[in-house]
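Peer 1: The structure follows.
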Amino acid sequence: MGLMDCYEWLERFLNHLYLERNASPLTLQAYRNDLLQFLELAENDQGVIEDLNHLTLRKFLALLKEGNYSRRSVARKLSATRSFLFYLQREKVIEGGKWSVVSRPKLGKALPRFLYYHEVELLLAAPDSRTLLGFRDRTLLELLYASGFRVSELVSLKGSSLQLEERLIKVMGKGRKERIIPVGRVATALLAEYLELIRPALLAKSKNQVPADEIFLNKYGEPLSDRGVRYLFQKYIRQVSHKEDITPHSLRHSFATHLLERGADLRVVQELLGHVSISTTQIYTHVTKEMLREVYQASFPRK
Numbered sequence: 496m497g498l499m500d501c502y503e504w505l506e507r508f509l510n511h512l513y514l515e516r517n518a519s520p521l522t523l524q525a526y527r528n529d530l531l532q533f534l535e536l537a538e539n540d541q542g543v544i545e546d547l548n549h550l551t552l553r554k555f556l557a558l559l560k561e562g563n564y565s566r567r568s569v570a571r572k573l574s575a576t577r578s579f580l581f582y583l584q585r586e587k588v589i590e591g592g593k594w595s596v597v598s599r600p601k602l603g604k605a606l607p608r609f610l611y612y613h614e615v616e617l618l619l620a621a622p623d624s625r626t627l628l629g630f631r632d633r634t635l636l637e638l639l640y641a642s643g644f645r646v647s648e649l650v651s652l653k654g655s656s657l658q659l660e661e662r663l664i665k666v667m668g669k670g671r672k673e674r675i676i677p678v679g680r681v682a683t684a685l686l687a688e689y690l691e692l693i694r695p696a697l698l699a700k701s702k703n704q705v706p707a708d709e710i711f712l713n714k715y716g717e718p719l720s721d722r723g724v725r726y727l728f729q730k731y732i733r734q735v736s737h738k739e740d741i742t743p744h745s746l747r748h749s750f751a752t753h754l755l756e757r758g759a760d761l762r763v764v765q766e767l768l769g770h771v772s773i774s775t776t777q778i779y780t781h782v783t784k785e786m787l788r789e790v791y792q793a794s795f796p797r798k
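Counting from 496, one number per residue, gives the positions in the sequence shown under my numbering.
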């Protein structure tokens, strides 16, 4: 069987991930990119599906290392390829292989980048709330911090997602898993005012005959994109902080860290973040311990 058939199997595999594992479009695109890279190597190397084996996988790993990919990227590509090969094996397209003998690079536990509360306050105060876009930005940043939303979750919010009287927001997370998040009074008040006064003014600028359902709009009255949120976040964070590698996701990290600092139960934080496994949430306990260490070292007189 030629490798052209393997590309067809790739699409079947991606469809399997979508239907059986509820993989998001972004996850599917990442899998496709990684596996196309692997299949290009296999096509140059062997030319038939049946010849795919752990040596092909090992050669792929070597090429990735030569390409100066980060350990995390190599581990992700290797994991995606293994999953695909196990799928082909399960479908009896290829024989059983020793995929597990090819070890993935060890990843150190990098602590998530977050902001201290006073830094969050500076960030939230940065937009000029007297302007349409400034008020939108203030509302957006406040909601990101108050909810722990991912950017993709924020930009997909629609009016039907909101239960403002109960201060609740329904969001569709990774794997199309729905969760309901309580939101603080400040974020709720800003959001209500934004919906009443700011969003209609932005929507009036749209040339699209079908009004957008999304809550957050750009200056043209169209849905604000993931990229747009990241751009405006960087504009404001540069005004108030010199920390490196701070992104909108850092507000999600800050949300979780500040909750745990103030005594929130780990299981509650897991539910709020939409983590499938509590082990994913536990990294924030390491963050709070690191913060304690920093404060101790900075404050204790006997160094």
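Heads up, the beta-carbon is just placed ideally off N, CA and C, and yes, glycines get one too. Bear in mind the structure is a predicted one, so any value in this text is a computation, not a measurement.
Is it true that the CB of L547 sits closer than 7 angstroms to the CB of I589?
Peer 2: The residue you call residue 589 lines up with position 94 of the sequence shown. The residue you call residue 547 lines up with position 52 of the sequence shown. A contact, by the Cβ cut-off of 7 angstroms.
Peer 1: Decide if D708 is buried, meaning its Cβ has at least 16 other Cβ atoms within 10 Å, or exposed.
Peer 2: Looking up residue 708 in the sequence shown gives position 213. Exposed, since its Cβ has fewer than 16 Cβ neighbours within 10 Å.
Peer 1: Could you name the residues that DSSP lists as bridge partners for Q658?
Peer 2: The count along the sequence shown starts at 1 and reaches residue 658 at position 163. L663.
Peer 1: Please confirm if the segment 762-780 is in contact with the segment 664-677, defined as three or more CB-CB distances below 8 angstroms between the two stretches.
Peer 2: Cβ pair count under 8 angstroms is three or more, so yes.
Peer 1: Would you list the one or two residues that DSSP bridges to E673?
Peer 2: Reading the sequence shown from its first residue, position 178 is the one you call residue 673. Looking at the DSSP assignment, E673 forms a beta bridge with M667.
Peer 1: Starting from the Cα of A751, find the closest Cα among R608, F555, H511 and give me that residue.
Peer 2: Here the question's residue 751 lines up with position 256 in the sequence shown. Checking every option, the nearest Cα to that of A751 belongs to R608.
Peer 1: Any chance the CB of D740 is under 6 angstroms from a heavy atom of the ligand NAP?
Peer 2: With respect to the ligand NAP, the structure shown offers nothing to examine, as it has no ligands at all.
Peer 1: How would you write the range of the alpha helix (DSSP H) that S578 sits in, first residue to last?
Peer 2: For the purposes of this step, residue 578 is taken as residue 83 along the sequence shown, with counting starting at 1. S578 -> alpha helix (DSSP H) spans 566-585.
Peer 1: When you compare only the Cα positions, how much space is there between A705 and Y715?
Peer 2: Here residue 705 corresponds to residue number 210 of the sequence shown, with the count starting at 1. Here residue 715 corresponds to residue number 220 of the sequence shown, with the count starting at 1. Checking the displayed sequence, the identity of residue 705 turns out to be Val instead of Ala. V705 and Y715: Cα-Cα distance of roughly 14 angstroms.
Peer 1: Report the CB separation of N517 from G670 in whole angstroms; it is logged as a contact under 8 angstroms.
Peer 2: The residue labelled residue 517 in the question sits at position 22 within the sequence shown. The residue labelled residue 670 in the question sits at position 175 within the sequence shown. With a Cβ gap of about 4 angstroms, N517 and G670 count as contacting.
Peer 1: Label H748 either buried or exposed according to how many other C-beta atoms from any shown protein chain fall within 10 Å of its C-beta, with 16 as the threshold for buried.
Peer 2: Looking up residue 748 in the sequence shown gives position 253. Buried.
Peer 1: Could you spell out where the alpha helix (DSSP H) holding T626 opens and where it closes?
Peer 2: The residue you call residue 626 lines up with position 131 of the sequence shown. It is not in any alpha helix (DSSP H) - T626 carries neither H nor E in the DSSP assignment.
Peer 1: How many angstroms separate the CA atom of R725 from the CA atom of L534?
Peer 2: Position 230 of the sequence shown holds residue 725. Position 39 of the sequence shown holds residue 534. Taking the straight line from one Cα to the other gives about 33 angstroms.
Peer 1: Just to confirm before moving on: does the CB-CB distance between A641 and A684 stay below 7 angstroms?
Peer 2: The residue given as residue 641 occupies position 146 in the sequence shown. The residue given as residue 684 occupies position 189 in the sequence shown. The answer is no: Cβ separation not under 7 angstroms.
Peer 1: Identify the continuous alpha helix (DSSP H) that holds T683 and give its terminal residues.
Peer 2: Taking the sequence shown and counting its residues from 1, one reaches residue 683 at position 188. Taken as a continuous stretch (DSSP letters only), the alpha helix (DSSP H) holding T683 covers 680-688.
Peer 1: Classify I664 as buried or exposed, calling it buried when 16 or more other Cβ atoms lie within 10 Å of its own Cβ.
Peer 2: Here residue 664 corresponds to residue number 169 of the sequence shown, with the count starting at 1. The residue in question, I664, is buried, as its Cβ has 16 or more Cβ neighbours within 10 Å.
Peer 1: State the Cα-Cα distance for the pair L639 and V615, rounded to the nearest angstrom.
Peer 2: Counting from 1 along the sequence shown, the entry for residue 639 is found at position 144. Counting from 1 along the sequence shown, the entry for residue 615 is found at position 120. Going by the C-alpha atoms only, they are around 11 angstroms apart.
Peer 1: Does the pairing of the segment 724-742 with the segment 696-703 give three or more beta-carbon distances under 8 angstroms?
Peer 2: The segment 724-742 vs the segment 696-703: no contact.
Peer 1: Using CA coordinates, which residue listed in K738, F581, L690 is at the minimum distance from K653?
Peer 2: Indexing the sequence shown from 1 puts residue 653 at position 158. Taking only the C-alpha atoms, the option nearest K653 is L690.
Peer 1: Compute the distance between the beta-carbons of A575 and Y611, then report whether it is under 7 angstroms.
Peer 2: In the sequence shown, counting from the first residue as 1, residue 575 sits at position 80. In the sequence shown, counting from the first residue as 1, residue 611 sits at position 116. No, they are not a contact pair.
Peer 1: Would V735 and A621 qualify as a contact pair, given that the criterion is a beta-carbon distance under 7 angstroms?
Peer 2: Position 240 of the sequence shown holds residue 735. Position 126 of the sequence shown holds residue 621. Yes; because the gap between Cβ atoms is below 7 angstroms, this pair is in contact.
Peer 1: Using three-state DSSP, classify P607 as helix, strand or coil.
Peer 2: Your numbering for residue 607 matches position 112 in the sequence shown. Note: P607 maps to coil in three-state DSSP.
Peer 1: V666 and D721: beta carbons closer than 7 angstroms?
Peer 2: Locating residue 666 in the sequence shown gives position 171, counting from the first residue. Locating residue 721 in the sequence shown gives position 226, counting from the first residue. No, the pair does not count as a contact, with Cβ atoms beyond the cut-off.
Peer 1: Which class does M496 belong to by DSSP, given the choice of helix, strand or coil?
Peer 2: The count along the sequence shown starts at 1 and reaches residue 496 at position 1. Any answer about M496 is weak, because its pLDDT of 45 lies below 50 and its placement is not dependable; what the coordinates show is given next. Reduced to three states, the DSSP call for M496 is coil.
Peer 1: Specify the secondary structure class of L653 as computed by DSSP and reduced to three states.
Peer 2: What you label residue 653 is simply residue 158 of the sequence shown in a count that begins at 1. Looking at the sequence shown, residue 653 is not Leu but Lys. K653: strand per DSSP, three-state reduction.
Peer 1: Could you round the C-beta distance between R694 and V678 to whole angstroms and report it? I think they count as a contact, below 8 angstroms.
Peer 2: The residue given as residue 694 occupies position 199 in the sequence shown. The residue given as residue 678 occupies position 183 in the sequence shown. Between V678 and R694 the Cβ distance is about 17 angstroms, and since that is not below 8 angstroms, they are no contact.
Peer 1: In this structure, how does DSSP classify P520 when only helix, strand and coil are distinguished?
Peer 2: Here residue 520 refers to the residue found at position 25 of the sequence shown. Looking at P520 - three-state DSSP - the assignment turns out to be helix.
Peer 1: Hey, how far is the Cα of L619 from the Cα of S655?
Peer 2: On the sequence shown, residue 619 is found 124 positions in, with the first residue counted as 1. On the sequence shown, residue 655 is found 160 positions in, with the first residue counted as 1. Spanning the two alpha carbons is a distance of roughly 26 angstroms.
Peer 1: From the DSSP secondary-structure annotation, give me the bridge partner or partners of L712.
Peer 2: Within the sequence shown, numbered from 1, the residue matching residue 712 stands at position 217. Answer is P718, bridged to L712.
Peer 1: What three-state label does DSSP hand P706 in the structure shown?
Peer 2: Within the sequence shown, the letter at position 211 stands for residue 706. Of the three classes helix, strand and coil, the one that applies to P706 here is coil, per DSSP.
Peer 1: Taking the beta carbon of S772 as the centre, do at least 16 other beta carbons fall within 10 Å, making it buried, or is it exposed?
Peer 2: Here the question's residue 772 lines up with position 277 in the sequence shown. Exposed.
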